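> I am attaching a structure below and will ask some questions about it afterwards.
Protein chains: 2
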Amino acid sequence: MLRQTDSLVRAVRKHLDLTPEEENFLRNAFQIQSVPRGEVIEASGEPTRGLMYVTSGCLMTYYTDKKGDDHVTYFATAGWWTGDLHSLTADEPSIYTTRTLVDSELLMLTNASLNQLLERYPRFERYFRIIFQNSLVSHQHRIIQNYSYTAQERYESFRERFPTLEQYVPLKYIASYLGMTPEFLSKIRRRMAKR
Amino acid sequence: MLRQTDSLVRAVRKHLDLTPEEENFLRNAFQIQSVPRGEVIEASGEPTRGLMYVTSGCLMTYYTDKKGDDHVTYFATAGWWTGDLHSLTADEPSIYTTRTLVDSELLMLTNASLNQLLERYPRFERYFRIIFQNSLVSHQHRIIQNYSYTAQERYESFRERFPTLEQYVPLKYIASYLGMTPEFLSKIRRRMAKR
DNA sequence: CGCGACGTTGATTTGCCTCAACGATTGTGG
DNA sequence: CCACAATCGTTGAGGCAAATCAACGTCGCG
Numbered sequence: 000m001l002r003q004t005d006s007l008v009r010a011v012r013k014h015l016d017l018t019p020e021e022e023n024f025l026r027n028a029f030q031i032q033s034v035p036r037g038e039v040i041e042a043s044g045e046p047t048r049g050l051m052y053v054t055s056g057c058l059m060t061y062y063t064d065k066k067g068d069d070h071v072t073y074f075a076t077a078g079w080w081t082g083d084l085h086s087l088t089a090d091e092p093s094i095y096t097t098r099t100l101v102d103s104e105l106l107m108l109t110n111a112s113l114n115q116l117l118e119r120y121p122r123f124e125r126y127f128r129i130i131f132q133n134s135l136v137s138h139q140h141r142i143i144q145n146y147s148y149t150a151q152e153r154y155e156s157f158r159e160r161f162p163t164l165e166q167y168v169p170l171k172y173i174a175s176y177l178g179m180t181p182e183f184l185s186k187i188r189r190r191m192a193k194r
Numbered sequence: 000m001l002r003q004t005d006s007l008v009r010a011v012r013k014h015l016d017l018t019p020e021e022e023n024f025l026r027n028a029f030q031i032q033s034v035p036r037g038e039v040i041e042a043s044g045e046p047t048r049g050l051m052y053v054t055s056g057c058l059m060t061y062y063t064d065k066k067g068d069d070h071v072t073y074f075a076t077a078g079w080w081t082g083d084l085h086s087l088t089a090d091e092p093s094i095y096t097t098r099t100l101v102d103s104e105l106l107m108l109t110n111a112s113l114n115q116l117l118e119r120y121p122r123f124e125r126y127f128r129i130i131f132q133n134s135l136v137s138h139q140h141r142i143i144q145n146y147s148y149t150a151q152e153r154y155e156s157f158r159e160r161f162p163t164l165e166q167y168v169p170l171k172y173i174a175s176y177l178g179m180t181p182e183f184l185s186k187i188r189r190r191m192a193k194r
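Listed in order, the protein sequences are those of chains A and B. Heads up: the first sequence runs through residues 0 to 194, numbered per numbering that gives the first Met the number 0. Heads up: the second sequence runs through residues 0 to 194, numbered per numbering that gives the first Met the number 0.
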């Protein structure tokens, strides 16, 4: 029988051997959520519920600044984690909003469940250490890109890295993720199409 | 007797209780290095040796792009970790260079030692999980700042966050870290001094 | 002393933003 | 099933923040 948590268990197994007991506890630590397209999963201003593992669909999280402008910080497709680590760590209201871009399914790991999981089976520390380490690498990569790439180079790099995303993510969100206006992205696209 | 590794042990103890055996192993996992001002510790193009924990002084790591321009990505003062996680993880040559800004002392944890430490005492996974998690939060913070702040706001935020750094780090490196030219930072400073 | 690194200043340029208008597509209610 | 509104991508004109280029004063140091 196929279960929602299969994808997650496979992902964890890449870094960790699991005993049947550990696997079972892991599977039950999550709440399964089906969210239709366009819905808000977590709103800024409220405390985060926990970490989210996407099993299907696509999520987007964005930050709203003082002027009220939104800035997309992250897309999460199947197999990716997302969530507001700051809110989770500091126990403060979240500054991000997370929404679905298409119908999606995800596994919600609440803060309480996460702590319980780590306390009961400390071996999972290793899994999250690796996840965070990898995420850190890509965040560093993104920062140096923002410094040394032009807007066009950032767009080209995005297309290489996420070739499928452009098909169903509105361009204005991609522009926001890349730190430019939709208008300017449009002009880049025209320029690129002309050859 | 005071030892170089004391600062590190205290830092680890904030998140983890250590048995005498664990503490002893930890202390011996590092190589102690004293590096005079201006010296390169790790050069880009070479494989990373490992993670570095700064016990005194100040380190700077920067990335050299295709055009040959340097971009400072990180300053590390006493109590901070630094190193090229990408190179460490993927076992590829480093793309960063790390140098001392003043006479410094640091603890070098080679990749081999790190793996040995984690294998022998898996409880240290937790420590690095927390370190990486915190680092991830500040990287995310930095990315949204780059999106929504003007150059002046970034400089003001930098001064709040690292009030002491400006005293001994040349302004051109701070400008680079903030993603602007030294000339423009100079103009910002003049503007700010005029009130 | 003289050289090199650093911070500053001014003139000019430019990459990207802002604002406004306009088709094309999507979705929705009558 | 059509009319209409809303959303989205595009285009153009004009503007601004920050980069570029060049010159100059200052300081530490061999």
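Each residue gets a CB set at the ideal place from its N, CA and C atoms; glycine is no exception. The model shown is predicted, which means the values in this text are computed figures rather than measured ones.
Have a look at A:GLN132, A:MET107, A:LEU25 and A:PRO162 and flag the residue whose alpha-carbon is nearest the alpha-carbon of ARG119 (chain A).
A:LEU25
> Roughly how many angstroms lie between the CA atoms of TYR176 (chain B) and ILE130 (chain B), to the nearest whole one?
22 angstroms
> Provide the residue(s) that pair with HIS70 (chain A) in DSSP beta bridges, ordered along the chain.
A:TYR62
> With DSSP as the reference, please indicate the residues paired to ARG98 (chain A) in a beta bridge.
A:VAL39 and A:MET59
> With DSSP run on the structure shown, which of helix, strand or coil describes VAL136 (chain A)?
helix
> Distance, Cα to Cα, GLN151 (chain B) vs ARG190 (chain B)?
9 angstroms
> With a cut-off of 8 angstroms, does the C-beta of GLY178 (chain B) fall near any C-beta of chain A?
yes
> Taking 8 angstroms as the CB-CB cut-off, is GLN132 (chain A) touching chain B?
yes
> Are the CB atoms of ALA75 (chain A) and LEU58 (chain A) within a distance shorter than 8 angstroms?
Contact flag set, yes.
> On a CA-only basis, which of A:ALA111, A:THR97, A:ASN27 and A:LEU17 is nearest THR72 (chain A)? Give me that one, please.
Ranking A:ALA111, A:THR97, A:ASN27 and A:LEU17 by Cα distance to THR72 (chain A) puts A:THR97 first.
> Over what stretch of residues does the alpha helix (DSSP H) that includes GLU152 (chain A) continue unbroken?
150 to 160
> Which residue's Cα is closest to the Cα of THR149 (chain A): B:GLU45, B:ASP64 and B:MET51?
For THR149 (chain A), the nearest C-alpha among the options comes from B:ASP64.
> Under 7 angstroms between beta-carbons, which chain A residues line up against HIS70 (chain B)? List them in chain order, please.
ILE143, TYR146 and SER147
> Compare the Cα-Cα distances from PRO35 (chain B) to each of B:ASN133, B:ASP102 and B:SER112 and report the closest residue.
B:ASP102
> Taking the DSSP output, what are the residues bridged to SER185 (chain A)?
Paired residues: none, contrary to the question.
> Could you name the residues of chain A that TYR62 (chain B) contacts, counting a contact when the two beta carbons are closer than 7 angstroms?
ILE143
> Listing by chain order, which chain B residues have their CB less than 8 angstroms from the CB of VAL53 (chain A)?
The contacting residues do not exist; VAL53 (chain A) stays about 18 angstroms from chain B at best.
> Would you say VAL222 (chain B) faces chain A, with C-beta separation under 8 angstroms as the test?
With chain B covering only 0 through 194, there is no way to say anything about residue 222 (chain B).
> Put PRO19 (chain B) into one of helix, strand or coil per three-state DSSP.
helix
> Report buried or exposed for THR18 (chain A), applying the criterion of at least 16 other Cβ atoms within 10 angstroms of its Cβ.
Answer is exposed; the Cβ neighbour count stays below 16.
> Take GLU41 (chain B) as the anchor and find which of B:SER147, B:MET179 and B:MET107 has the nearest alpha-carbon.
B:MET107
> Does GLN139 (chain A) come within less than 8 angstroms of chain B when only Cβ atoms are used?
yes
> Does DSSP classify THR88 (chain B) as helix, strand or coil?
helix
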